[in-house]
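Shown next, in structure tokens, is the structure this report addresses.
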Amino acid sequence: MTKHLFISSKGQLQARWQSAFPDAVVRTELGGGRPDVLWWARVPLNSAELSSAIATLSGVPVVVLSPEPVQEDAMHAIALGARGYCHSHATPAMLQQVAVAVTHGGLWLGPELMSRVMGAASERLLGEHPAEADPGLDLLTPRERAVALEVARGATNKEAARRLDITERTVKAHLGAAFEKLGVRDRLQLVLALKYVPVDIDHAA
Numbered sequence: 001m002t003k004h005l006f007i008s009s010k011g012q013l014q015a016r017w018q019s020a021f022p023d024a025v026v027r028t029e030l031g032g033g034r035p036d037v038l039w040w041a042r043v044p045l046n047s048a049e050l051s052s053a054i055a056t057l058s059g060v061p062v063v064v065l066s067p068e069p070v071q072e073d074a075m076h077a078i079a080l081g082a083r084g085y086c087h088s089h090a091t092p093a094m095l096q097q098v099a100v101a102v103t104h105g106g107l108w109l110g111p112e113l114m115s116r117v118m119g120a121a122s123e124r125l126l127g128e129h130p131a132e133a134d135p136g137l138d139l140l141t142p143r144e145r146a147v148a149l150e151v152a153r154g155a156t157n158k159e160a161a162r163r164l165d166i167t168e169r170t171v172k173a174h175l176g177a178a179f180e181k182l183g184v185r186d187r188l189q190l191v192l193a194l195k196y197v198p199v200d201i202d203h204a205a
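Sequential numbering from 1 applies to the sequence shown in UniProt numbering.
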């Protein structure tokens, strides 16, 4: 059975967390063995504490939970090595989806926040690192490249289809091919593969 460990400042297991994972354990500090998923719910977000937890449990997916999710904290958490970032009051079903994503090697930010993060990151670095010059794009066909760039800039499949004058089904096909060629599992990993996300984020938690 998958073991879920919640690290919370209050040391209290919220009902929705227990509903999602009946085997869940909550503590105020790390300890008691190696979990399969670590849920970091300490507020405010402290970079040193989070980095230490990620290093201590190397290989264990870490998901940061926040009562007030913000884009800067999400990008900072991912840059530190967290595999996910979501609202601490997410529904049990949503928490279960997050767990499935991170335990299978994916990253999770949630659709809306992920789109905003990708858009902001791409806009920030496009001038410094033009995507067209990224060597990873050489692996893609011209149409796959066009779809990948639209998605990396934060476009939905529908928006990419409209901008490129193709169907959503075609977008999905090209995006799937791009994922496979670039060795990525989701949209955020695509952004990382194309070097849109800065490696050092100056943000005080």
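Yeah, the Cβ is synthetic: ideal placement off N, Cα and C, and Gly gets one too.
Beta carbon of residue i nearer than 8 Å to that of residue j
i      : j      : result
Pro164 : Ala152 : First, the residue type needs correcting, since residue 164 is Leu and not Pro in the sequence shown. Their beta carbons are not under 8 Å apart, which means Leu164 does not touch Ala152 by this criterion.
Ile7   : Arg34  : no
Glu168 : Ala161 : yes
Arg16  : Pro92  : yes
Arg42  : Ser9   : yes
Gln189 : Leu107 : yes
Leu50  : Leu5   : no
Closest residue to residue i among the options (Cα-Cα distance)
i      : options                          : result
Ser88  : Gln14, Leu190, Lys172 and Arg169 : Gln14
Gly59  : Asp138, Ser19 and Gly105         : Gly105
Ala90  : Ala82, Val184 and Ala99          : Ala99
Ala55  : His76, Ala82 and Gly32           : Ala82
Asp23  : Ile166, His174, Ala155 and Gln96 : Gln96
Arg185 : Asp138, Thr103 and Thr170        : Thr103
Arg143 : Gly154, His174 and Met94         : His174
Gly154 : Gly32, Gln71, Leu57 and Val191   : Val191
Residue range of the beta strand (DSSP E) that includes residue i
i     : result
Leu65 : Val62 to Ser66
Leu38 : Val37 to Ala41
Spatial neighbours of residue i in its chain, beta-carbon cut-off 7 Å, leaving aside the 5 residues before and after
i      : result
Pro130 : Bear in mind that a pLDDT of 45 at Pro130, under 50, signals an unreliable position, so the number given afterwards is only what the model happens to contain. So the list is empty, once near-sequence residues are dropped.
Leu140 : Ala148, Ala178 and Lys181
DSSP beta-bridge partners of residue i
i      : result
Phe179 : The partner list for Phe179 (beta bridge, DSSP) is empty, contrary to what the question assumes.
Gly154 : DSSP lists no partner for Gly154.
His4   : Val37
Arg27  : Ile7
His87  : Ser66
Own chain residues within Cβ distance below 8 Å of residue i, not counting five before or after
i      : result
Ala53  : Ile7, Leu30, Leu38, Trp40 and Val62
Lys172 : Asn157
Glu128 : Since pLDDT at Glu128 reaches only 45, below the 50 mark, its modelled position is unreliable, and the value read off the structure follows with that caveat. No residues qualify anywhere along the chain.
Gly32  : Leu5 and Val25
Leu159 : Residue identity check: residue 159 is Glu in the sequence provided, not Leu. Same-chain partners within the cutoff: Glu150.
Element boundaries [alpha helix (DSSP H), containing residue i]
i      : result
Arg83  : First-last for Arg83: undefined, no H or E at that position.
Arg16  : Ala15 to Ala20
Val184 : That residue, Val184, is in no alpha helix (DSSP H); it is neither H nor E in DSSP.
Leu45  : First-last for Leu45: undefined, no H or E at that position.
Thr103 : Pro92 to Thr103
Sequence-distant residues of the same chain with beta carbon closer than 6 Å to residue i, five excluded per side
i      : result
Glu132 : Bear in mind that the predicted position of Glu132 carries a pLDDT of just 43, short of 50, making it unreliable; the figure below should be weighed with that in mind. No residues qualify anywhere along the chain.
Ala101 : Trp108
Phe21  : His4
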